[in-house]
Structures are given as C-alpha cells and as structure tokens.
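Below: the structure, in structure tokens.
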Amino acid sequence: MGSSSKDQYVVEMKNIVKKFPGVLALDHVNFQIRPGEVHVLLGENGAGKSTLIKVLSGAYLADEGEIYIEGQKVDIKSPHTAIEQGLRFIYQELSLVKDLDIARNMFLGMEPMRSARLGLVDWTKLYAQAGELLQRFHIDLDLHKTVGRLSVTQQKIVEIARALTTQAKLIVLDEPTDVLEDQSRHDLFEVIRRLKLEHGISFVYISHRYREVHEVGDRVTILRDGQNEGTYDVKELDFDAMIEHMIGGQLKKQYPDLTTPSQDEALRVENLSRKGVLNGISLTIKKGEILGVTGLMGAGKTELGRAIAGADSLDSGDIYVHGQKVKCANPERGIKNGIAYLPEDRKVLGLIQAHSIRSNYALPSLDRLSVAGLVQHHRLDQEAQEYMMKLSVKAPSMNTYVRQLSGGNQQKVVVAKWLGAHAKVLIFDEPTRGIDINGKREIYRVMEELLEQGVGILMLTSDYTEALEMSHRIIVMRRGSICKEFKRGEPQETDILREAIGEVDGVKV
Amino acid sequence: MTTLATRFKKVQLAPQVRDILPPLVGLVLITAVIGILAPTFRQWAAIANVFENASILFIMATGMTVALIANCLDLSVGSTYALVSVVTGQLLINQVPVPLAVLGGLVAGILCGVVNGLIVTQTGIPALIATLGTQLAFRGVANMIGAAVDMSRFPPEFDILGSGTWGPVINCIIAFGVVWFFLNKTKLGFHAFAIGGNEEVARLAGIPVNRNKIIYYAICGLMAGLAGIVYTARVDMAAVNRGQGMELWAIAGVVVGGTSLVGGVGSVVKTIIGVLIISVLQAGMIHLHVPSFWQQVATGALIIVAVWLDFLQRKTRA
C-alpha cells in the first residue's frame, strides 16, 4: 500500500501515532505535502501541530507510522537526518546570532573551508556563495549587515535564506508572523510565494491567524485532538468553516459585548514623559472600562504600560488612582497603589514557570497573607483554590507547575495573581498573543468579569481586531505619542492602521 | 514491562519525599559501598566522626542554601568563617562575657553578608566576581584582627559549643531549624524562591528584590559565622587561616543535595543529605586510604557531576 503515493508528494506522513504519558498526542495522522505548495497546518493549542512537526524534524520519535520523502521511506532518527533529507525547520523564536552578519549567519556551522584540517574558513567563498544565493532567490538584503540590526521580518527571511543553503525541499515555518507587524508580513509572504513558484520549494506553515490561511496558503490541514480533521483546498474553505473544523462545534461568538463603564475614574495619567520613549501622554480610564492602546511595534505601548506600573522610571508626569495622586517609583509602589502590569512575555515575565500555581498566585499578595512575616498557608491555599474555581483554571491542583498549563490557563493564573493583590487597574500587554481561539475567548471572559468588579483595564495590543472589539475607547500611538483617540464602533481596521503608520511610510501596504 | 511501570506509577509519593529520593538513594549507596569496602568505617566512632565533621560544614551550608535558592552565589563564606573566628577569639581573650562574644561574632558574620548584598545589589556586579573580591577582603580583615595573636584556652562555657559529638550536632539542629522555618514559613523565605526562580517576575510582583537579597546574604554570612564559632570552640583556638576553600565544600553540599545552583528550587532537607554525601565520601576515602590528592579530585568531580545533573534537570523541565 506504500506504492500509492509515488513521488506525488514531497513528504508523506502515514498513520503517525505518538503517545505521551496519559495522552495520545497523535492518533494515526496522515499528512501529505505536494511539491511547490504552501500547506497550512491549523489547530488549537494542544491539537498536535507541534508534535507532528517534531516527529518530522526528528526531535520526537513516532510510536507508529511511516514517513516517505519523495516516495522513499525514511527513518528520521534525529534532527540531523531531517536536515540531510532537505527538511528545514524555522521555529517561532529566532535562532540567529545577533552579532554576526547575514552571510555568516546563513552558513553558521557549514562554513566553506579553506583548510578543513587547520580549521580555516574560506571567507571569500562564504560571502560569494551567500551573495549568489540571495541573488538567485531574489532576496534583497545586504550580506554584511549585522543581524541584530534587522527588523524581525528581515530576520525571518534570513532564517529562510539559511535553510536554502542546504538544498531545502521543504521549509516548515512555526507561527512565523506571531511576532510580525501587519504590513511587514507581506514581505515575508512575497519571499515564500516566489520560492514556491520559481523554485518549487514546499512550505508547511503553522499559524493561529486564520486570515493568513487565505493570504499565503494553497492547502490546509486541520488537526483536532491529535487527529486529522481533513485536508482542504484553501479556496474551498471559508473562515467560519475553518473555525468549525478546528473547534469541532459551531462557532461561538468570539468577542463578548462590553458593559457600560461607570462614571468614576479608575486611572488618570497626565503628561507622562520619558525621554526618547514617551512624550506627554495623558489618558483616563473609568471603572469598568477597557481602554485599548494600539500602534505599531516600537510605538511605545509596552513602555507606556511599564511606566504607569512603575517598572520603568519617569521623567515627568502625574498618575492618579481612584482620584488619588500616587507615586509609582517601582513596581512595589505600583502594586501598593493598585496598579498591576501583566507583561506580554508571560513565560518570562508573568509567571515563574518552575513554580506551582499556588506559589505564583501568592507572589504579590504575601504582604496581605502574612502575619508578622509568617505566611498564613491555610489562607493562601483557600484563596488560591477560590480563584482557580472563579476563573476556571484547568489544572489537576493548585500545586501543578505553571509550565504544564496551556497558554490560556497560564494567562488566567496571571490574572488570578493580580486579582488576589486587589488591583484597581490592570495593564494587559498583548493579552492574547500566541493563544488559540478558545483560550482567547476565556481571557475575554475573564476581562468581562474584571470589568464587573469595577477594575479599569488598559489593554496594549497590536491586534487591531482585538482593539476594535474589546475596548470601550481606542488610542493609537505612534513614536511615543498619542496620535488619535477613537470611540468604540467608530473606526475600521484601516483607519487604525493609517493612524499607526502615519503619512511618512504608509506606502508599503 | 508496562505492568511494572503502571504499578510503580500508582505508588504516589508525596512530592517532598519524591524530591529528596535521588540524593537519599545516592547517600545510602555510597555509605553501603564504603561500609563494605572499609571495615573500619563500620564502627560507631567512625560514624560519629562523620557527623562531627559534617556538622560544621552543614551549618555553613544551611545559609548557603538560602542564598543559592535566591540565586545569590556567595564565595566569601570561607573567609567570613575565619573572620568570625578571630573576632570571637579577640572578644574572648579580652574578657568579654561568652554570650556577648558569641553575639559579637555572629554580628560580624551578618555584616559580612550585608556587605556582599550591598555590593551585589547596588553595583550590579555579578555575584561570582563580587564575592570573590570580598573573599580576599574579609580574609585580609581577619588577618588584621588576628594574625600573630595567640587566641586559645577559652572559657569552658564557650568550648562546650563545639565539644564532643553533641556540641556541633545541637548547633546543627538550631541552624537547620532556623533556616527551615525561614524558608517554609516566612514571607521572606517564600520570596527567596521567587527571586531565584525569576527575578523580573518577582520584581514586577512588587517584591523588594534588592532589600531581600541583602537579607539572604546576611543569613548566609550569619550561618558561616556560626560555623566559625562552633569550630573555634571545638579546637579551642581561633586562627586566621581557617576555612580556605570551604565555600566550595558548602556549595557542593547544597548542590549535591539537589538545590539548584541557579536558584528557584531547593530545600534545607536536601542540604542535610548533600552534606552527608560529601562527608561520607571524604571520610570513606580516608578509611580506604585514598591519597589526599585523589580525594580532592574526587570531590571536584562530584561537584561538577552535581551541577551537571541540575543542568540536565533544568533542560528537561524547560
């Protein structure tokens, strides 16, 4: 039965089974990639996308199943075999050496040698080959430029170029655009399209962004609970159908209706400035209101959040919480004043991954939960339990390590942590980046609940749809200043984009 | 043998037990092997000797446990040990009452820790370098106070702190109790884990990271000082050249027990086991007549293996 495939496919994965203790991660999955196609792999977190890719890359060994490359059965035992077979993998986190230039990054570990015995690299040859390669694939980048000075999109393209140094047949891109701004994604898509059409290279493209499926994909395979839900031509499948296959039920409404905020003010910020980063920012948030702040990367959203919370210092400006003037010289003061900052990088900045839910919950609340410097463990247990229930955190117990939780559940633990600290203002920095659709919905539900309790929310987001749907008012930032404020329902996505880019470099879209 | 695997899985050990199991098994194995190979090791005197030797190192290691959990490396404890020894010695030969002399010594230890903490938190110099510097500096101060002074023949009320098997062991129990209580019951102890686990998360959670680090260094200095006092009492003599390289032994004891060298994970119970492993190994090698140079090599290798294991464990966790 193996002969049916022939070389119709670059890669064919047959009946792949992968078990982890207690979980059937892949349940007889079939996955075929044609030459010269962009094949989108869709699925929620935990659907098995990354497991499938890790089996292909040799990072995991499958328990059952076969892999054929151009009709030949191949045993992929290690990442090295995969590379030999012309499979290249580009992961979400950039894996380039920032201090080296483009050419040296491209040939890292495979430098052409002048003398292999003496270990002398043939630099002339390296630059010549790199230049030739970029030219052949029409990639317009300066070989000598240091990678650290490139934009994130350009760095992704360099990673693709690196894959091309080894006769790649298939390049797997794991959520490449999650870190990219809207208009620069198109540069990446353009490179992909050209490689596909002119050089017959196949791509597997893993993404959370459903709209991209149509922009870049030819076919799409949808995974759900470790099973292949089906492979479709992208044209056959509209947005709703796609979501339906993915979550296996009818599409529930993604965004909740927002309640009307109260008239009382939760936070007022006047003339906040930080040299070179923030210029005279003023804003107010009512109790029970979400103020969305959006803009391009580098517009100063994160910096604004950190400054209000006291994580970064200020040059000037006043902050009022519930009408009282406060000074937030450091996060400790910020929290005492009721302002909590939920950083974008939950993995690194929001939670201690190696600690339990309970320990993470306790972090900002220990002052409250201690008597004479001694932790009241029973009270802590009780509260942690209570908040886990309230926010329906899915975990075996409060002693479960945070690293074992899904993105959505981790975010809930972050929220629980700050609710426990009795925050009056929560600053969410990219609350749903990298979180699947169900997780997003849960986070929005949590936000709603926060609003009901009279919390004011400052939501910093580069997802314009999210800004549009989840804010009472929207502020657009550009180069550290507020350039426009919209009311809910007033702007379209394009209006926001136009404001965010400004007149100067708006042509690239 | 899936049945065996499932059956094993069903035995749900409490996490506290599961955590200390690997070093505990290691300790039992090492003890058994040495016990079999060296008949002299099987006598009570030999075992008591292990405990006596282990106890002073253990007292120092309890403080090091706190510091390492908070990711505050301290290489100066060997010098603090000597410095406290001569401070206490000076006070005693100047007829200061024993309790006050002991207190003075302990305060000196705390001060050493505070100095470390201040340098690390205020300058941002890596702890490794900063405490390597103070290691030399504290030794210098110890020399100023105690070089060329005969400090011995202390009052018996003082010597009792380190005499026999029980003197050191009781001090050990005190040190263990204090540190266990600190790590498990107090807010500051809880924060140590958070700071070692992820300093930025801790900072954003409003924990005064710098102030706390100074406290952890102070505790480390305090316990190094207590170890110095117990030793001084035991040999009835204060001398400036004590404790050289002892910081490595202390760190080894902590890390071999399973406390992470880069913070966030650990316990003082593990340190008991770690210090015992090292002491049994040291004593065992003497009983087996291993040349002393090889003893050093073996201990060095043990430290590297322990750190490597910690490193591997971190990798699988990530």
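Protein chains in written order, with the numbering used here: chain E, 23 to 531; chain P, 1048 to 1365.
Ideal placement from N, C-alpha and C gives every residue a C-beta, glycine not left out.
So which residues of chain P does residue i contact, with C-beta pairs closer than 9 Å?
i: E/V397; result: N1231, K1232, T1233, K1234, G1236, F1237
i: E/L78; result: Correct list: empty, because the minimum Cβ distance to chain P is about 22 Å.
i: E/P386; result: L1251, A1252, G1253, I1254
i: E/I357; result: L1251, A1252, G1253
Identify which residue in the options has its Cα closest to the Cα of residue i.
i: P/L1235; options: P/G1244, P/I1262, P/E1246; result: P/I1262
i: E/L318; options: E/R501, E/V96, E/H50; result: E/R501
i: E/L480; options: E/K309, E/L388, E/A394, E/S338; result: E/K309
i: E/P209; options: E/I223, E/V180, E/Q189, E/G222; result: First, the amino acid is wrong: residue 209 of chain E is Asp here, not Pro. Here the closest residue by C-alpha is E/V180.
i: E/E474; options: E/I312, E/G239, E/S79; result: E/I312
i: E/V143; options: E/L172, E/A125, E/L155; result: E/A125
i: P/A1129; options: P/T1181, P/V1145, P/A1092; result: P/T1181
i: P/V1131; options: P/I1157, P/A1117, P/V1113; result: P/I1157
i: P/I1220; options: P/V1072, P/V1124, P/E1099; result: P/E1099
i: E/N460; options: E/L48, E/E266, E/D49; result: E/E266
i: E/I303; options: E/L280, E/A150, E/A329; result: E/A329
i: E/D255; options: E/E471, E/Q249, E/V235, E/L219; result: E/V235
i: E/A185; options: E/K297, E/L336, E/G131, E/T454; result: E/G131
i: E/G476; options: E/I228, E/L391, E/L441; result: E/L441
i: E/R355; options: E/G345, E/A445, E/I374; result: E/A445
Please tell me whether residue i and residue j are closer than 8 Å, where the distance is taken between their beta carbons.
i: P/I1324; j: P/W1296; result: no
i: E/V437; j: E/L413; result: yes
i: E/F225; j: E/I193; result: yes
i: P/I1077; j: P/F1088; result: no
i: E/A417; j: E/R380; result: no
i: P/A1265; j: P/G1160; result: yes
i: E/E237; j: E/F211; result: yes
i: E/D123; j: E/K167; result: yes
i: E/E59; j: E/R290; result: no
i: P/L1139; j: P/L1308; result: no
i: E/I523; j: E/F508; result: no
i: E/T483; j: E/T316; result: yes
i: P/T1212; j: P/A1330; result: no
i: E/L326; j: E/L364; result: no
i: E/G339; j: E/L294; result: yes
i: E/N382; j: E/K439; result: yes
i: P/G1187; j: P/M1293; result: no
i: E/A69; j: E/L245; result: yes
i: E/H377; j: E/V424; result: yes
i: P/A1092; j: P/L1335; result: no
i: P/G1310; j: P/G1244; result: yes
Report the neighbours of residue i on chain E: residues whose CB is nearer than 9 Å to its CB, in chain order.
i: P/R1250; result: A333, N352, P353, E354
Would you mind giving the Cβ-Cβ distance between residue i and residue j, rounded to the nearest angstrom? I have them listed as a contact below 8 Å.
i: P/A1222; j: P/M1270; result: 6 Å
i: E/I357; j: E/A443; result: 6 Å
i: E/M410; j: E/M420; result: 6 Å
i: P/L1120; j: P/T1178; result: 6 Å
i: E/I307; j: E/A331; result: At roughly 13 Å, the Cβ-Cβ gap does not stay under 8 Å, so E/I307 and E/A331 are not in contact.
i: P/V1301; j: P/I1350; result: Not confirmed; about 10 Å, so no contact.
i: E/L165; j: E/L172; result: Actually they do not touch by this definition, with Cβ atoms about 12 Å apart.
i: E/G322; j: E/M499; result: 5 Å
i: E/D196; j: E/Y113; result: 5 Å
i: E/N161; j: E/A183; result: Here the sequence assigns Ile to residue 161 of chain E, which means Asn is not the residue at that position. Contact flag correct, Cβ pair sits at about 6 Å.
Note down, in chain order, every chain P residue with its Cβ under 8 Å from the Cβ of residue i.
i: E/H283; result: Note that residue 283 of chain E is Pro in the sequence shown here, rather than His. Per Cβ cutoff of 8 Å: no residues; E/P283 is ~26 Å from chain P at best.
Using a Cβ cut-off of 7 Å, pull out every chain P residue sitting near residue i, in sequence order please.
i: E/Y363; result: L1251
i: E/S392; result: K1234
i: E/I341; result: Neighbours of E/I341 on chain P: none; closest Cβ ~16 Å, over 7 Å.
Given that residue i touches chain E, what residues does it touch there, using C-beta distances under 7 Å?
i: P/V1312; result: A376
Along chain E, which residues have their Cβ under 8 Å away from the Cβ of residue i?
i: P/A1241; result: I374, H377, S381, L385
Notebook entry, point to check: Just checking, does the stretch 441 to 455 of chain E make contact with the stretch 277 to 287 of chain E on the three C-beta pairs under 8 Å criterion?
Noted result: no
Notebook entry, point to check: If we count Cβ pairs, one from each stretch, closer than 8 Å, do we get three or more for the stretch 1266 to 1286 of chain P versus the stretch 1126 to 1142 of chain P?
Noted result: yes
Check: For the 8 Å Cβ check, are there 3 or more pairs between the stretch 53 to 68 of chain E and the stretch 93 to 104 of chain E?
Finding: no
Note to self: I'd like to know if the stretch 1139 to 1156 of chain P and the stretch 1314 to 1323 of chain P are in contact, where contact means that at least 3 CB-CB pairs between them fall below 8 Å.
What the structure shows: no
Note to self: If contact is defined by three or more beta carbon pairs under 8 Å, each pair taking one atom from either stretch, is the stretch 90 to 99 of chain E in contact with the stretch 33 to 43 of chain E?
What the structure shows: yes
Check: Is the number of C-beta pairs between the stretch 377 to 394 of chain E and the stretch 1251 to 1262 of chain P that are closer than 8 Å three or more?
Finding: yes
Margin query: Any contact between the stretch 1280 to 1299 of chain P and the stretch 1204 to 1211 of chain P? By contact I mean 3 or more CB pairs, one from each, below 8 Å.
Written below: yes
Margin query: Would you call the stretch 1225 to 1234 of chain P in contact with the stretch 1099 to 1118 of chain P, where contact means no fewer than 3 C-beta pairs closer than 8 Å?
Written below: yes
Note to self: Within 8 Å, do at least three Cβ pairs link the stretch 69 to 81 of chain E to the stretch 109 to 120 of chain E?
What the structure shows: yes
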